[in-house]
Each structure stands twice: as C-alpha cells, then as structure tokens.
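Chemist: The opening residue of the sequence shown carries number 3 in the working numbering; numbering runs sequentially from there. Here you go, one structure.
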Amino acid sequence: MYDWANAERMRVIPPGVNVSRFEPGPQPSPPISTELRRFLRAPQKPPILALSRPDERKNIAGLIHAYGQNPDLQARANLVIVAGTREDIRDMTAGPRRVLTEILLLIDRYDLYGRAAYPRHHRPEDVPDLYRWAAGLGGVFINPALTEPFGLTLIEAAACGLPILATENGGPKDIIANCQNGVLIDPLSTEEIGEKLLSMLSDKTIWQSYAKNGIAGVRRYYSWQTHVDHYLTALDELPHAVPQQQESIPTGKRITADRLLFLGARLLDPAPIPEQQEELVALLHRQRRKMAFGLVSFRPLHELLTLLKQRRMNVPDILITRGGTQIHYGASLSRDQGWSRHIGVDWQGDRVYDLLAETPGVQIVGRSGQGFYAVHGFIHDNAEFAGLAALNDQLRNNDIPGRLIALNPQEFLVVPQRASFGFAIRYVADRHDIALNHILVIGSAYADLDLLGGNILAAQVGGEKDLQQHEDIYQSQASGLPGAMEAITHYDFLSNNAAI
C-alpha cells in the first residue's frame, strides 16, 4: 500500500466498534422515519441506504445514476441518501455545495420524486435507528465511494443486521472478507451497482444470510474487546527493539521524490501494446522512491479512473484533470483545495454556461457532468457556429474571464484564467519543493504541454506539427509509450548525475 512499508514488520489491527450502541433489533418507526416518509410514496418498500458526508469522493452521484437508470430497482426499493446536514445549500462551502446541488439535479433528471429521500437534518442518535429501520424493511446499506480507507459505517450497518454493498477499492475488501455479509462493487460501473443492488434485494435467502453473518462477524472481528486482544497479541510478538536508520515516511499528500514524471493520458488511449505498458509500469515501480508519477488529462476524474482500471494500472501519485482545473493525490484521491481556491478567483461558471447555451451550433455537457471549474462544449453544427475565435471574443466582450481550450475540431473546454496543465504542474512543484528542471512532461498534443514555461522539461510523442515549431520541446521519433521511454532516455532523467 505504501512504498516505505515493510509487510513483514507490520500488523493490521481493525478498529473497534461500540456494539452495544449498534445492535440489531426491531425498529419499525424511529423518529427520523417521519422525516423520510415525507419524501416517499411507498415508504414500506426496502430502502437502499447511503450515509456519508457530501464529498465528491463518496460518489453519491454514481449511486443516483445507478438507481435512476434501473427501472426494476426503482420498482423494488426506495433510495435514501443521508448526506450530512444542511440549511441553505447556497451558504455551504464549495465542495459540499457542488455535491448537494448535483444530488438535486440528478433526482430531477431521473424524476425520482416519491422514490428518493434526502433529508436535510439528522442527529447522531438517528444513525443506529436508520440502520435498524432499513434492516427491518429488508433494505441494504451501500458505500459506493471511489475509494474508502476503511469504512466505519459498513461496520455499524453490519452490526445492526443490515447487509452491505461496498466499493472494491480499499478497506471494505477486508470487512466483507471477514464478515461475509455483502458484495463488492465497481464504483465506476453504474450498471453493475444497479444489478447487484437488485440481486441482493430480490433474494431473501442471501439477504438473511448476509444479515446474520454481519451481526456475528462484527462481534468477532470488530468489537472493542477484539481490538484490544489483537493489539496485546501483536505486542507480545514483538522482538527486542533493534536501533536502525528510520526511513522517511510520506505523510498526507506530501511527495517525497525529488523529480516528477507526467504523461498525457492520451498515451494510454487507445490501449498500448501490453509489453510496452509493462515496461513503463516496471520502470515506475523501480524508481518509485526517486520519481513520482502523474497523469494530465482533459477528462473528468471519474473517466480517467475508468481508463486506469481498464489498463489495470494503479492510481498514480498525482492526477491533474479537466484541463488543469483539478489536482488529486494518490489512491485516496485527496483533492488539493488550495489549487481550487487559487483558480476560482473571478471564475463565473454560470455566466459561461449561460453564454454557451445561447451560442448557435454549440451543445453543452449537462451541468451534472461538468467539473465545477470547467464548462465542456461540442460543436454540433459547423454551419451555425461562428468559430472558436469568435467565441473567445464573446467571452471577452461580455467581461467573462476564462480560457478557451480546443480539445479537437469539434470539442472544447472553458476554464478559469489561472487553470492549465502548466500552471497546475508549477503549483505542485512549488508546494512540494521540487525544482522545475526535475520535472518531465510527455504529451502527444500541444494542449498536453500547454503553458509549461520555465525550466520544465517537455517532450512530444506523435509528431503534431504545431509542436515541431518549439525548439525546447523534444520530439520523440517513436510513437506511443516507446516514444515516452525515448524521451526519458534523451533527458537522462533518472540518472543521479543527470544535468537536469
């Protein structure tokens, strides 16, 4: 899991849960059920319960897509989303505001009124009641997060006799392996989520087995007494301490490597030849202490994660997505909020969206599919569309600050003035104290290398004419990933004595 980890010297001790608070039992009508019934036409149906804070990584939108796209699931069960507490969404911070706004938009898009509940408030004492209420109606608990370090709510739900479905990325693997009380899901596959929900809700024998296993499994593996017993056993097994040199341990989102390699995600699509991809992956693994790895992409985060899953590649150290508007770190997908605040100054996304909606020949991706700091447009009628230069003039003439990025002849993004791959990479370098000439960016198009500047090393794979005019950008002779490996060799990028 961590580059510095020595598995032979580590023990994983699951946390403890207060099983006296989270226990099974009849809960036909807890206080919060009155609030939920206001939303539901058929409150007696089994609920699909999701409980988390309003965070993009929790993938609440993916769950709503899965439910909204599956009519059989809608007929079988209600959807209950408990996403924190709120008063006025407009007064919330940017992240929760985006998530809650998207929830409302998606419920409207799929016309889930009467089938979906999304209460504004709940109290801490309501949480065990919710689990027991859902279990009493034959419902399930779901955690569809993109990644989940552990998943305490899964343990709480299981302790109350509620079967679970959980992301396959992270700690839920161990919980389900121990308790045998549910199934893992691919959080990026809405079709799979819908099918597995319907299957569990439809099979009473399986449901009862998972409910029974969860109650017993939590008490066996996750009670406080079990936690203490495991801890004391691990202490007893420790040998006498041996003084030794301590390795530097990365903390949080800190990058400890002294150089960064960025690839444009287009180099992974279409799929590389397997042997070429294996060569790159092996290089990244060998050099992981010296060199951090990142991807830059115009795709939104969820699409890039899907691509990585298709290529069977681990999530890299840094993901710069949506044309440089978002920075995420590592498998935890921690979002760099400082970068978001930096580029958000003077950004007027609603005005950009409204302007493009009125532009002849342009079709816009729906707001629920946008990043907050990017508006994604398609040119669907070349005869009506006046051209990108004219659109850029429209933005300027309306005093709307923004950068127009052409992705291809029929597709473009509008992003904040401060957003680009180059600016984002320089921000990462400054934040993590990495010299600019210790950064190599390899792309297949001019947009991948946009606004790099300074001493950042750059290489281009594919021979795009626009890039051949830039003397400071190395032109690889090979194409695809071999061209990337050629650029690494050209710059002698991994040598301790390299003149970089």
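Here a beta-carbon is modelled for each residue, glycine too, at the ideal position from N, C-alpha and C.
Any idea what DSSP makes of Ile475, helix, strand or coil?
Modeler: Of the three classes helix, strand and coil, the one that applies to Ile475 here is strand, per DSSP.
Chemist: Whether or not the stretch 412-431 and the stretch 325-344 are in contact is what I'm after, with contact meaning three or more pairs of Cβ atoms, one per stretch, closer than 8 Å; do they touch?
Modeler: yes
Chemist: Note down, in chain order, each residue of its chain lying with its Cβ closer than 7 Å to the Cβ of Gly219, except the 5 sequence neighbours on either side.
Modeler: Residues of the same chain with a CB within less than 7 Å of the CB of Gly219, apart from the 5 flanking positions on each side, are Ala160, Asn180, Cys181, Gln182, Asn183 in chain order.
Chemist: Using a 10 Å radius around the Cβ and a threshold of 16 neighbouring Cβ atoms, would you call Ala259 buried or exposed?
Modeler: buried
Chemist: Flag this pair as yes or no: are the beta carbons of Asp169 and Ile187 separated by less than 8 Å?
Modeler: The sequence shown places Thr at residue 169, rather than the Asp named in the question. For Thr169 and Ile187, yes; Cβs fall inside 8 Å.
Chemist: How is His124 classed by DSSP in three states: helix, strand or coil?
Modeler: DSSP places His124 in coil when its eight states are reduced to three.
Chemist: To the nearest angstrom, how far is the alpha carbon of Leu108 from that of Ala236?
Modeler: 48 Å
Chemist: Count the CB pairs spanning the stretch 147-158 and the stretch 107-125 that are closer than 8 Å, and state whether there are at least three.
Modeler: no
Chemist: Thinking C-alpha only, which one of Glu305, Ile345, Pro484, Leu199 is nearest Leu190?
Modeler: Glu305
Chemist: Who does Arg222 pair with in a DSSP beta bridge?
Modeler: In the DSSP output, where bridge partners are listed per residue, Arg222 has none listed.
Chemist: Have a look at Arg59 and Arg433 and give me their C-alpha separation to the nearest angstrom.
Modeler: 23 Å
Chemist: Assign Gly116 to one of two classes, buried (16 or more other C-beta atoms within 10 Å of its C-beta) or exposed (fewer than that).
Modeler: exposed
Chemist: What would DSSP say about Arg134, mapped onto helix, strand or coil?
Modeler: In the displayed model, Arg134 falls within a helix according to three-state DSSP.
Chemist: Roughly how many whole angstroms lie between the Cα atoms of Glu413 and Asn384?
Modeler: 12 Å
Chemist: Below 8 Å between beta carbons: does that hold for Ala489 and Ala447?
Modeler: no
Chemist: Grab the span of the alpha helix (DSSP H) containing Val101 for me, first residue to last.
Modeler: 96-111
Chemist: Hey, Phe300 and Leu409 are a contact pair by Cβ (cut 8 Å); roughly how many whole angstroms apart?
Modeler: In this structure Phe300 touches Leu409 by the C-beta definition: roughly 6 Å separates them, less than 8 Å.
Chemist: Check for me: the alpha helix (DSSP H) holding Gly70 runs from which residue to which?
Modeler: 62-70 is the span of the alpha helix (DSSP H), which, as asked, contains Gly70.
Chemist: When you compare only the Cα positions, how much space is there between Asn439 and Glu281?
Modeler: 24 Å
Chemist: Below 7 Å CB to CB, which residues in the same chain sit around Leu393 once its five sequence neighbours on both sides are set aside?
Modeler: Counting only Cβ-Cβ distances below 7 Å, and skipping sequence neighbours, we find Thr361, Leu406.
Chemist: Around the Cβ of Gly254, are there at least 16 other Cβ atoms within 10 angstroms (buried) or fewer (exposed)?
Modeler: Reliability fails at Gly254, whose pLDDT of 44 lies under 50, so the model's placement of it is uncertain and the value that follows must be treated cautiously. Result: exposed.
Chemist: Where does Gly116 fall in DSSP's three states?
Modeler: strand
Chemist: What residues in its chain sit with their C-beta under 6 Å from that of Ile91, if we drop five residues either side in the sequence?
Modeler: Excluding sequence neighbours, Ile91 sits near Arg99, Leu102.
Chemist: Quick test of the definition: if touching needs 3 or more C-beta pairs under 8 Å, does the stretch 56-73 touch the stretch 133-140?
Modeler: Verdict: no, contact absent.
Chemist: Give me the residue from Gln350, Ile105, Leu265, Ala388 with the minimum Cα distance to Thr323.
Modeler: Leu265
Chemist: If we count the other Cβ atoms within 10 Å of its Cβ and call it buried at 16 or more, is Pro49 buried or exposed?
Modeler: A buried status is given to Pro49, since no fewer than 16 other beta-carbon atoms sit within 10 Å of its beta-carbon.
Chemist: Should the stretch 389-404 be called in touch with the stretch 307-327, which here means at least 3 C-beta pairs below 8 Å?
Modeler: no
Chemist: Going by Cα to Cα distance, which pick from Ala44, Pro45, Ile62 is closest to Trp52?
Modeler: According to the sequence as given, residue 52 is Ala; it is not Trp. Nearest to Ala52 by alpha-carbon distance, out of Ala44, Pro45, Ile62, is Ile62.
Chemist: In the DSSP assignment, find the beta strand (DSSP E) that holds Val84 and state where it starts and stops.
Modeler: Run containing Val84: 80-84, per the beta strand (DSSP E) assignment.
Chemist: To the nearest angstrom, how far is it from the Cα of Arg313 to the Cα of Pro272?
Modeler: Taking the straight line from one Cα to the other gives about 10 Å.
Chemist: Between the Cα of Gly97 and the Cα atoms of Arg55, Leu496, Ser35, Asp110, which residue gives the shortest distance?
Modeler: Among Arg55, Leu496, Ser35, Asp110, the Cα nearest to that of Gly97 belongs to Arg55.
Chemist: When the Cα atoms are used, what is the spatial distance from Tyr331 to Phe41?
Modeler: 38 Å
Chemist: Under DSSP, the beta strand (DSSP E) around His440 begins and ends at which residues?
Modeler: Careful: His440 lies outside any beta strand (DSSP E) and carries neither H nor E.
Chemist: Does DSSP put Leu139 in a helix, in a strand, or in coil?
Modeler: coil
Chemist: Give the DSSP bridge partners of Asn145, in chain order.
Modeler: Answer is Ala168, bridged to Asn145.
Chemist: Looking at the structure shown, is Pro17 part of a helix, part of a strand, or coil, going by DSSP?
Modeler: coil
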